[in-house]
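> Questions regarding the structure given below will be posed in turn.
There are 2 protein chains.
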Amino acid sequence: MPSNKSITPLTAVTVQILASLTRGPRHGYGIKLDIEERTEGSIVLGSGTLYQALQRLERAGLIAEAETAGTDGGDARRGRRYELLATGRAALERELALMRLTLSSTEAVPQPAEPG
Amino acid sequence: MPSNKSITPLTAVTVQILASLTRGPRHGYGIKLDIEERTEGSIVLGSGTLYQALQRLERAGLIAEAETAGTDGGDARRGRRYELLATGRAALERELALMRLTLSSTEAVPQPAEPG
DNA sequence: GACAACATGTCAGTCATTGATATATCGTCG
DNA sequence: CGACGATATATCAATGACTGACATGTTGTC
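Heads up: the protein sequence lines correspond to chains V and G, in order. Each residue of the first sequence is one higher than the one before, starting from 1 at the first, in my numbering. Each residue of the second sequence is one higher than the one before, starting from 117 at the first, in my numbering.
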């Protein structure tokens with residue numbers, strides 16, 4: 001057994017990948033595009049970051065390759081489609097809860113101008 | 117000049133440090149305790165992680181050592197107190213905005229139980 | 001004076017991200 | 001058909017960040 005290590009807490013990149021997969025199974029490349037859209041360009045993954053992160057998430061048992069089953073042909077080109085597993089959903093939920101905590105416990109930084 | 121590199125996007129640890137400093141200047145150790153409280157024990161920093169992160173944030177110009185000025189004595193024991201700079205505040209706000217985006221664009225995973 | 005909590009720091013090892021490089025397919029424009 | 005851009009995946013070396021252990025010293029208190 002090479003590594004039983006869990007990768008929680010997750011990194012920013014892996015959180016975004018899991019978040020992307022809540023919307024349904026996707027290719028690595030589709031995940032990349034989805035993250036760029038959803039973060040409005042704030043996060044752009046290089047393919048190195050992307051595929052290595054996917055491999056780690058798969059090894060950790062948070063995501064898995066989705067069956068091509070059922071859907072005969074269509075426009076299913078090629079490539080691996082990943083789906084979120086229950087473990088991954090739970091790990092994601094932990095990170096989202098942490099985000100909510102951080103947001104609610106952080107003093108109102110946002111104001112750009114101070115009242116007289 | 118060894119490194120002019122900006123450290124944005126921030127890591128999870130540095131975001132928590134900056135978030136802690138929105139509540140006022142603090143020692144490294146105080147930051148550690150504050151983060152543990154605010155994240156309800158989810159994030160516990162070792163001193164290695166903590167002080168190295170502080171050094172990086174200082175080098176990057178996001179935080180600075182606070183003047184001991186004005187406040188004469190009191191219970192100011194010793195140690196460096198850090199404060200958030202405008203640059204740091206801006207960097208933090210970017211990260212918080214990203215969190216809000218991630219939360220709002222992520223499908224409702226949270227429900228622990230489904231209605232009837 | 002021993003001991004816990006406060007307070008800061010370094011180091012080696014490990015892990016993650018980056019950017020380059022490589023490969024291959026698909027659609028389409030000329 | 002040939003070239004080209006978008007889709008799609010993967011690896012590698014270098015860099016950067018985190019972990020856990022170790023080291024050091026103070027302050028308060030029993």
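Virtual Cβ for every residue (Gly too), placed ideally from N, Cα, C.
At 7 Å on the CB atoms, spell out the chain G contacts of E107 of chain V, in chain order.
The answer, in chain order, is T138 and R139.
> Take the Cβ of L170 of chain G as the centre, count every other Cβ of all protein chains shown within 10 Å, and call the residue buried at 16 or more, exposed below.
Looking at its Cβ environment, which holds 16 or more other Cβ atoms inside 10 Å, L170 of chain G is buried.
> Which class does L166 of chain G belong to by DSSP, given the choice of helix, strand or coil?
In this structure, L166 of chain G counts as helix in the three-state DSSP scheme.
> Would DSSP call R86 of chain V helix, strand or coil?
Arg is not the amino acid found at residue 86 of chain V; the sequence shown has Ala there. In this structure, A86 of chain V counts as helix in the three-state DSSP scheme.
> Relative to the alpha-carbon of I159 of chain G, which residue among V:S47, V:T106, V:S104 and V:E95 has its alpha-carbon at the smallest distance?
Looking at the Cα atoms, V:E95 is the closest of the given residues.
> Counting only beta-carbon separations shorter than 8 Å, does L219 of chain G have a partner in chain V?
Taking Cβ atoms only, chain V reaches closer than 8 Å to L219 of chain G, which makes this a yes.
> Exposed or buried, what is S20 of chain V when buried is set at 16 or more other beta-carbons lying within 10 Å of its beta-carbon?
Burial call: buried.
> Cβ of Q168 of chain G less than 8 Å from any chain V Cβ?
Chain V, which has no Cβ nearer than 8 Å to the Cβ of Q168 of chain G, makes this no.
> Give the straight-line distance between the Cα atoms of A202 of chain G and V131 of chain G, rounded to the nearest whole angstrom.
Their Cα atoms are separated by approximately 15 Å.
> Assuming I131 of chain V is part of the alpha helix (DSSP H), what are its boundary residues?
The question about residue 131 of chain V has no answer, for chain V in this structure spans 1 to 116.
> Identify whether R80 of chain V lies in helix, strand or coil by the three-state DSSP scheme.
If DSSP states are grouped into helix, strand and coil, R80 of chain V belongs with coil.
> Measuring alpha carbon to alpha carbon, tell me which residue in G:V129, G:D150, G:E156 and G:T155 is nearest Q168 of chain G.
When only C-alpha atoms are compared, the closest one is G:V129.
> Can the beta-carbon of A66 of chain V be found closer than 8 Å to that of Y82 of chain V?
Yes, they are a contact pair.
> Identify whether I179 of chain G lies in helix, strand or coil by the three-state DSSP scheme.
Here I179 of chain G sits in strand by DSSP.
> Let me know if G204 of chain G comes out buried or exposed under the rule of 16 or more other beta-carbons within 10 Å of its beta-carbon.
Counting Cβ neighbours within 10 Å, G204 of chain G comes out buried, since at least 16 surround it.
> Within its chain, find whatever has a CB closer than 8 Å to the CB of D150 of chain G; leave out the 5 residues flanking it on each side and keep chain order.
Result list for D150 of chain G: S136, R139 and R142, in chain order.
> So, using beta-carbon positions, are L50 of chain V and G28 of chain V closer together than 8 Å?
Against a cut-off of 8 Å, the Cβ pair of G28 of chain V and L50 of chain V comes out as a contact.
> Starting from T155 of chain G, find everything on chain V with Cβ-Cβ shorter than 7 Å and list it in chain order.
Residues of chain V passing the Cβ test: L98 and L101.
> At the 8 Å Cβ level, is N55 of chain V part of the contact set with chain G, yes or no?
This sequence places Gln at residue 55 of chain V; Asn is not what is there. Not one chain G Cβ lies under 8 Å of Q55 of chain V.
> In three-state DSSP terms, what is R23 of chain V?
R23 of chain V falls in the coil class under three-state DSSP.
> Taking the alpha carbon of I123 of chain G as the reference point, which residue from G:E156, G:L173 and G:L134 has its own alpha carbon closest?
The option with the nearest alpha carbon to I123 of chain G is G:L173.
> Per DSSP, what kind of secondary structure is I123 of chain G in: helix, strand or coil?
In this structure, I123 of chain G counts as coil in the three-state DSSP scheme.
> Using a 10 Å radius around the Cβ and a threshold of 16 neighbouring Cβ atoms, would you call A90 of chain V buried or exposed?
Exposed, since its Cβ has fewer than 16 Cβ neighbours within 10 Å.
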